[in-house]
Every structure is written in C-alpha cells, then in structure tokens.
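Visitor: In the numbering used here, the protein residues as written are 1 to 260. Attaching a single structure in structure tokens format; questions to follow.
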Amino acid sequence: MPELPEIEYCRRHVEKFALRRVVAKVMADDMWFLKGATSARALHEHLEGASFVDTGRIGKLLLLHTDRGDVLGMRFGMTGTLVIDAAPAVGDLQYSSHRFLDDWNRFSMVFEDGGVFAINDPRRLGGVELDPDLSHMGTDALDVDLATFQSLRRGKAAVKTWLMDQAHIAGIGNLIADELLWRVGIDPQRRAMSLSDDEVRALGEAVAPVVAELVERGGCHRGDIIPERHREGHCPRDGAILRSQRVNGRTTYWCPQHQV
DNA sequence: ATTGTGGCCTGCCCGC
DNA sequence: TGCGGGCAGGCCACAA
C-alpha cells in the first residue's frame with residue numbers, strides 16, 4: 001500500500017509533469033472522495049484557471065500549491081496512485097490492482113493542453129481536501145530526530161501502534177512499521193513505555209535512515225522482511241519462522257528469535 | 001489526553 | 001467454471 005515512499009514518488013511525479021499547466025476542468029463527481037468541508041463547487045472555483053506551482057508532502061499527505069495560494073491535499077489510502085497523462089507515478093503497488101481502469105479515477109483534472117491528472121483508486125480509500133488542516137500531523141518520518149521520541153516513553157499502547165500514529169510520526173504504515181521493528185529487534189507488541197533507553201535510541205536513530213533507504217530502493221514493499229510477510233515466511237536474518245498476529249487491528253509479522 | 005474498536009471501501013484470491 | 005466469503009489496511013468517528 002502507499003506509505004511515505006510511494007507518496008514521495010507521487011510528489012516527484014507532480015514536480016516533473018504537472019507544474020505550471022493551467023487547469024481547465026475539474027472532475028469531482030465522487031462526493032465520497034471529497035474530505036473535510038471540501039465541496040465539488042469549491043474545487044471548481046479554486047482550481048479551474050489556476051495552475052500548480054509547488055509541491056509538498058507531510059507523511060502520506062501530498063500537498064499541491066496553486067498560483068492563487070490555495071493548497072490541494074491528496075491522500076491515496078491503500079490502493080490509490082497518481083496518473084498524469086496516462087502515466088502512473090507508482091507502478092507496482094502491493095495489495096492493489098496492477099491495472100488503472102478509468103472507472104477508478106475518483107478525482108481528476110483536465111489541463112488546457114488536453115492532458116489529464118487523475119487519482120486512480122480502486123477501493124476509494126483516498127481523498128482530496130482543499131486547504132487541509134495540518135496542525136495535528138506529526139513530524140515527517142524523514143525529518144524525525146530523537147526529540148520526536150520523547151512521548152514514546154509514556155505510551156501505554158503497543159510500540160507498533162505508537163509508530164503508526166500519524167500524530168507522532170507522519171508517514172509510517174503497516175509495512176514500514178514491521179520493517180523498522182524487525183531491523184531494530186523489538187517485539188511489536190511491547191508497550192511503548194517498556195522500551196529501554198537504548199531501545200528508544202536505536203529506534204529513533206533508525207526511522208529516518210530506514211525510510212530514506214526504502215525511498216531509494218523503490219518503495220515500502222522492498223523492505224527486507226516484506227517478502228516474508230506470509231504464512232511460513234522466514235526471518236531473513238536468522239531463519240526462524242515468523243510469527244503473525246494482529247496488532248492494532250493490523251496484520252503484523254515479526255521474528256520471535258531476535259525481536260524481543 | 002490517550003487508547004481501543006469498528007466501519008468504510010472493493011478488487012482479488014481461495015476453496016468449494 | 002462460477003460463486004461466495006474473507007482478506008487487505010489508511011483513515012476517521014466514536015466510546016471509554
């Protein structure tokens with residue numbers, strides 16, 4: 001599913017192919033896809049005639065800045081990706097389809113030059129929002145430092161749940177959480193507050209570099225443990241059979257040998 | 001404030 | 001060969 005790396009590819013895709021093209025028409029017929037107070041009418045009024053001049057990203061939230069000062073926020077849920085002029089920003093998305101049917105374009109814009117910008121999302125778990133509220137978002141996973149992890153010492157929830165809370169760190173989803181905890185050697189079910197100083201430091205020092213490495217490798221599904229996240233999967237480090245259980249309502253795999 | 005739970009969405013995969 | 005049930009997880013509403 002799209003986590004931080006995939007959204008970063010979408011952002012780069014916009015930088016490369018969508019800036020400074022004038023929006024002629026907005027197609028926002030799927031009301032479900034409009035989040036917050038955003039209406040189709042507002043999207044027409046704010047975007048038609050405008051062009052995008054800059055991009056941003058906080059965690060899994062993609063931000064497009066228009067020449068009028070508006071910000072268009074985009075979320076891709078679990079199966080969404082960006083398609084510009086029929087070229088997808090992300091080709092191989094785990095758990096999603098490998099096709100891009102026109103029917104799955106939940107929000108799109110036609111440029112004056114005839115090109116099309118679309119969010120293609122089979123499951124409709126993504127959405128768009130005009131001028132989204134960013135005040136409750138945590139630090140982007142690529143920018144975290146040890147100070148970000150202070151509140152982890154008080155957390156009563158599982159350490160994996162803490163990592164996936166976008167108000168703490170923005171950008172970590174289920175796959176990256178499993179990868180991080182596997183690399184640092186921590187049982188995902190452990191209460192956050194039970195981590196030792198050394199463990200907090202190890203985790204804190206791992207997040208940004210590991211996420212950056214996944215961006216380099218080509219996506220969150222390129223993590224070392226991800227190919228083994230299935231029944232009978234083995235730990236790539238010591239060969240133990242991985243354990244699987246739901247943590248925070250999410251399927252979680254970990255190595256009982258070295259994640260303690 | 002923090003934490004846990006359930007529901008939303010629908011293509012795909014598996015077993016019958 | 002078709003069918004139905006379960007699965008996948010990001011996000012949000014809601015309750016305790």
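C-beta: ideal position from N, C-alpha, C; glycine also.
Would you kindly check if the distance between the Cβ of leucine 64 and the Cβ of valine 14 is under 8 Å?
Guide: Translated into the one-based positions of the first sequence, residue 14 becomes position 14. Translated into the one-based positions of the first sequence, residue 64 becomes position 64. In contact: valine 14 and leucine 64 (Cβ atoms closer than 8 Å).
Visitor: Note down the Cα distance separating asparagine 174 from threonine 251, rounded to an integer number of angstroms.
Guide: One-based indexing of the first sequence puts residue 174 at position 174. One-based indexing of the first sequence puts residue 251 at position 251. Whole-angstrom Cα-Cα distance: 8 Å.
Visitor: Let's test the definition: count the other Cβ atoms within 10 Å of the Cβ of lysine 16 and tell me whether it reaches 16, buried, or not, exposed.
Guide: Stepping through the first sequence from its first residue, residue 16 is reached at position 16. So lysine 16 ends up on the exposed side.
Visitor: Taking 6 Å as the limit between beta carbons, can you name the residues of its chain near alanine 40, skipping five residues before and five after?
Guide: As a first step, residue 40 is located in the first sequence; it is residue number 40 there, counting from the start. Here the set comprises Ala28.
Visitor: Between which residues of its own chain and lysine 25 is the CB-CB distance below 6 Å, once the five residues before and five after are set aside?
Guide: In the first sequence, counting from the first residue as 1, residue 25 sits at position 25. Excluding residues within five positions, the ones whose Cβ falls inside 6 Å are Val110.
Visitor: According to DSSP, is glycine 56 helix, strand or coil?
Guide: Translated into positions along the first sequence, residue 56 becomes position 56. Residue state, collapsed to three classes: strand.
Visitor: For the structure I just gave you, are there three or more beta carbon pairs, one from the stretch 146–160 and one from the stretch 106–121, closer than 8 Å?
Guide: No: fewer than three Cβ pairs fall under 8 Å.
Visitor: Quick one: Cα of glycine 155 to Cα of arginine 231, how far?
Guide: Translated into positions along the first sequence, residue 155 becomes position 155. Translated into positions along the first sequence, residue 231 becomes position 231. Each residue's alpha carbon lies about 30 Å from the other.
Visitor: Using the rule of at least 16 other Cβ atoms within 10 Å of the residue's Cβ for burial, across every protein chain shown, is proline 227 buried or exposed?
Guide: Counted from its first residue, the first sequence places residue 227 at position 227. Exposed, since its Cβ has fewer than 16 Cβ neighbours within 10 Å.
Visitor: Does glutamate 216 pass the burial test, meaning 16 or more other C-beta atoms within 10 Å, or should it be called exposed?
Guide: In the first sequence, the residue the question calls residue 216 occupies position 216. Classification for glutamate 216: exposed.
Visitor: Measure the C-alpha to C-alpha separation of alanine 167 and cysteine 235 and round it to an integer number of angstroms.
Guide: For this step, residue 167 is matched to residue 167 along the first sequence. For this step, residue 235 is matched to residue 235 along the first sequence. Alanine 167 and cysteine 235: Cα-Cα distance of roughly 30 Å.
Visitor: With H, G and I counted as helix, E and B as strand and the rest as coil, what does DSSP make of serine 39?
Guide: Here residue 39 corresponds to residue number 39 of the first sequence, with the count starting at 1. Coil at serine 39, not helix or strand.
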